[in-house]
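Enquirer:
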Amino acid sequence: MKTYTAHVTITLRRAILDVQGKTVEHALHSLHMPQLTNVRIGKYVEMVVQAPDAQTARDVADEACSKLLANPVMEDYAISIEEHEGAAA
Amino acid sequence: MKIGVVTFPGSNCEADAVRAGNVLGHDVVRLWHKDTSLPSGLDVIILPGGFSYGDYLRTGAIARFSPVMAEVTRFAANGGYVMGICNGFQILTEAGLLPGALIRNANLSFVCKDVWLRVEQRTPFTSAYTNGQVLRIPVAHGEGRFIAPAEVLERIEGEGQVVFRYVDPAGSMTDAANPNGSVNNIAGIVNAAGNVMGMMPHPERYVEDTLGGADGCGVFRSLSAALETLVA
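If you're matching them up, the sequences are chains A and B in order.
Just so you know, we're using my numbering here: the first sequence kicks off at 1 and counts up by one.
Just so you know, we're using my numbering here: the second sequence kicks off at 1001 and counts up by one.
1. Alpha carbon to alpha carbon, how far is Y77 of chain A from E63 of chain A? Give it in angstroms, no decimals.
2. Is the shortest distance between the beta-carbon of I16 of chain A and the beta-carbons of chain B less than 8 Å?
3. Taking Cβ-Cβ distances below 7 Å as the criterion, which residues of the stretch 1095 to 1107 of chain B are in contact with chain A?
4. Mind pulling the beta strand (DSSP E) runs of 3 or more residues that sit fully within the stretch 1134 to 1191 of chain B?
5. Using 8 Å for Cβ pairs, my map puts L17 of chain A next to E75 of chain A. What's the rounded Cβ distance?
6. Residues of chain B with a CB under 7 Å from the CB of M74 of chain A: which are they?
7. Between A61 of chain A and A6 of chain A, how many whole angstroms is the CB-CB distance? I'm expecting something under 8 Å.
8. For a contact meaning CB atoms closer than 7 Å, what does V19 of chain A contact in chain B?
9. For a contact defined as C-beta to C-beta under 8 Å, what are the partners of R1118 of chain B on chain A?
10. Can you give me the C-alpha to C-alpha distance between V1119 of chain B and N1185 of chain B, rounded to a whole angstrom?
11. Suppose contacts are defined by Cβ-Cβ distances below 8 Å. Is G1100 of chain B in contact with A1150 of chain B by that definition?
12. Grab me the residues of G1050 of chain B's own chain with a C-beta within less than 8 Å of its C-beta, minus the 5 sequence neighbours each way, in chain order.
13. What is the residue span of the beta strand (DSSP E) that C1112 of chain B lies within?
14. Helix, strand or coil for T961 of chain B per DSSP?
15. Name the DSSP bridge partner or partners of L1047 of chain B?
16. Any beta carbon from chain A within less than 8 Å of A1122 of chain B's own beta carbon?
17. Suppose contacts are defined by Cβ-Cβ distances below 8 Å. Is R1145 of chain B in contact with L1102 of chain B by that definition?
18. Return the chain-ordered ranges of every alpha helix (DSSP H) run that is complete within the stretch 16 to 79 of chain A and spans a minimum of 4 residues.
19. What residues from chain B crowd round N71 of chain A, counting only those whose CB sits closer than 8 Å?
20. Is the Cβ of L28 of chain A closer than 8 Å to any Cβ of chain B?
21. Below 8 Å between beta carbons: does that hold for I1045 of chain B and F1075 of chain B?
22. Can you look up Y1056 of chain B in the DSSP assignment and give me helix, strand or coil?
23. Are the C-beta of T5 of chain A and some C-beta of chain B separated by less than 8 Å?
24. Identify, in the order they occur along the chain, each residue of the same chain with its Cβ nearer than 6 Å to the Cβ of A54 of chain A, setting aside the five sequence neighbours on each side.
25. Would A1095 of chain B pass as a contact of T1073 of chain B if the rule is Cβ separation under 8 Å?
26. Judging by CA-CA distance, which residue of B:H1033, B:Y1206, B:G1080 is the nearest neighbour of L1227 of chain B?
27. Determine which residues share a DSSP beta bridge with R14 of chain A and list them.
Here it is as structure tokens:
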């Protein structure tokens, strides 16, 4: 078994107006940063995964997302998998 | 009629629901989130308002996996009446017992005030009202903006599953009357079978004039009438 960290970001689906992101964008513009647009606010979930390989670790993280961490009616998610170097954490 | 009211960790409107049932002369039993069976003879289950599991992750996302929810799902599948109020509505959408989802209010603020609702459909939850009747009922939520994918929205509108809409006191659907930015001013919906209903406003808080209003009584009267019809 190897040890991985799954990094999961969850954001509102593109079709849904992200009012929090919009509000932050307006605040950034009032701070004289008009070059910043399409601000989106999401969640970040980090999990340590024990798995024989990176693909299995990703599959486990994906199952966690589809069952609990994200709601497909309102959210999209993205997973990145990082292998721990050396001994298990 | 016999009503079961579920308490989840973080529920805070279960006592209101119990009292409303009692005031209106019904038997009320309390159910616990860890229950793995339901008392016999139950007619209605209420999932009350509150902040189950601290609203962690998403509202209702963790409560939906409580042991009692397996029983609630089975009860609903057998035709039992289930009503989710506020957080209860959020739990029902997370559990897939109702379509759509509830997200942060469009103005990002918690709203706590009376709103006006227009009764849109004759259902087991609304038959004591007349269609088009305007009710004054309180809301208290931060995440009550109802959304649904376009095809789902088209289906629930087309099938008459929208039960309540936010309106002004005259009964007109306006943006100003919409407290949370819900699509089509939707405040409450039923499932396709018509036995599971969710709504963000709190009818259980308005069953006595001395406590501010009694427009919520009709939901309980409707259920009572629906059950009598079944028996008869």
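Backbone N, C-alpha and C fix where the C-beta goes; we use that ideal spot for every residue, glycine too.
Expert: So, from the data block:
1. Position 63 of the first sequence holds residue 63 of chain A. Position 77 of the first sequence holds residue 77 of chain A. E63 of chain A and Y77 of chain A: Cα-Cα distance of roughly 12 Å.
2. The residue labelled residue 16 of chain A in the question sits at position 16 within the first sequence. Answer yes: the Cβ-Cβ gap between I16 of chain A and chain B drops below 8 Å somewhere.
3. G1100, A1101, I1103, R1104, A1106
4. 1134 to 1141, 1145 to 1147, 1162 to 1167, 1186 to 1190
5. Walking along the first sequence from the start, residue 17 of chain A turns up at place 17. Walking along the first sequence from the start, residue 75 of chain A turns up at place 75. Incorrect: roughly 14 Å between the Cβ atoms, too far for contact.
6. Here residue 74 of chain A refers to the residue found at position 74 when the first sequence is read from its first residue. A1101, I1103, I1147, listed in chain order.
7. Taking the first residue of the first sequence as 1, we reach residue 61 of chain A at position 61. Taking the first residue of the first sequence as 1, we reach residue 6 of chain A at position 6. Confirmed, Cβ separation roughly 4 Å.
8. In the first sequence, counting from the first residue as 1, residue 19 of chain A sits at position 19. The answer, in chain order, is R1104, A1106, L1108.
9. By 1-based counting over the second sequence, the position of residue 1118 of chain B is 118. Chain A residues near R1118 of chain B: none, gap ~25 Å exceeds 8 Å.
10. Residue numbering aside, residue 1119 of chain B sits at position 119 when the second sequence is read from its first letter. Residue numbering aside, residue 1185 of chain B sits at position 185 when the second sequence is read from its first letter. Each residue's Cα considered, the two are about 12 Å apart.
11. Numbered from 1 along the second sequence, position 100 holds the residue referred to as residue 1100 of chain B. Numbered from 1 along the second sequence, position 150 holds the residue referred to as residue 1150 of chain B. Cβ distance not < 8 Å, so G1100 of chain B and A1150 of chain B don't count as in contact.
12. Position 50 of the second sequence, counted from the first residue, corresponds to residue 1050 of chain B. Cβ neighbours of G1050 of chain B beyond the five flanking positions: F1008, G1010, S1011, N1012, C1013, E1014, C1086, N1087.
13. The residue labelled residue 1112 of chain B in the question sits at position 112 within the second sequence. Here the beta strand (DSSP E) through C1112 of chain B covers 1111 to 1119.
14. Because residue 961 of chain B is not part of the residues shown, which for chain B are 1001 to 1232, the question remains open.
15. Walking along the second sequence from the start, residue 1047 of chain B turns up at place 47. Note: L1047 of chain B sits in a beta bridge opposite B:G1084.
16. Residue numbering aside, residue 1122 of chain B sits at position 122 when the second sequence is read from its first letter. It is worth fixing the name first, because residue 1122 of chain B is Arg in this sequence and not Ala. It does not: the Cβ of R1122 of chain B has no partner Cβ on chain A nearer than 8 Å.
17. Within the second sequence, numbered from 1, the residue matching residue 1145 of chain B stands at position 145. Within the second sequence, numbered from 1, the residue matching residue 1102 of chain B stands at position 102. Taking 8 Å as the Cβ cut-off, R1145 of chain B and L1102 of chain B qualify as a contacting pair.
18. 19 to 30, 54 to 64
19. On the first sequence, position 71 is the one that residue 71 of chain A refers to. What N71 of chain A touches in chain B: R1058, A1061, E1094, A1101.
20. Mapped onto the first sequence, residue 28 of chain A falls at position 28. By this cut-off, L28 of chain A is not an interface position.
21. By one-based count along the second sequence, residue 1045 of chain B stands at place 45. By one-based count along the second sequence, residue 1075 of chain B stands at place 75. Yes.
22. On the second sequence, residue 1056 of chain B is found 56 positions in, with the first residue counted as 1. It is coil, neither helix nor strand.
23. Position 5 of the first sequence, counted from the start, is the residue given in the question as residue 5 of chain A. Taking Cβ atoms only, chain B never reaches closer than 8 Å to T5 of chain A, which makes this a no.
24. Indexing the first sequence from 1 puts residue 54 of chain A at position 54. Counting only Cβ-Cβ distances below 6 Å, and skipping sequence neighbours, we find I81.
25. Taking the second sequence and counting its residues from 1, the one referred to as residue 1095 of chain B is at position 95. Taking the second sequence and counting its residues from 1, the one referred to as residue 1073 of chain B is at position 73. Yes, the pair counts as a contact, with Cβ atoms nearer than the cut-off.
26. Counting from 1 along the second sequence, the entry for residue 1227 of chain B is found at position 227. The option with the nearest alpha carbon to L1227 of chain B is B:G1080.
27. Counted from its first residue, the first sequence places residue 14 of chain A at position 14. Its beta-bridge partners do not exist; DSSP assigns none.
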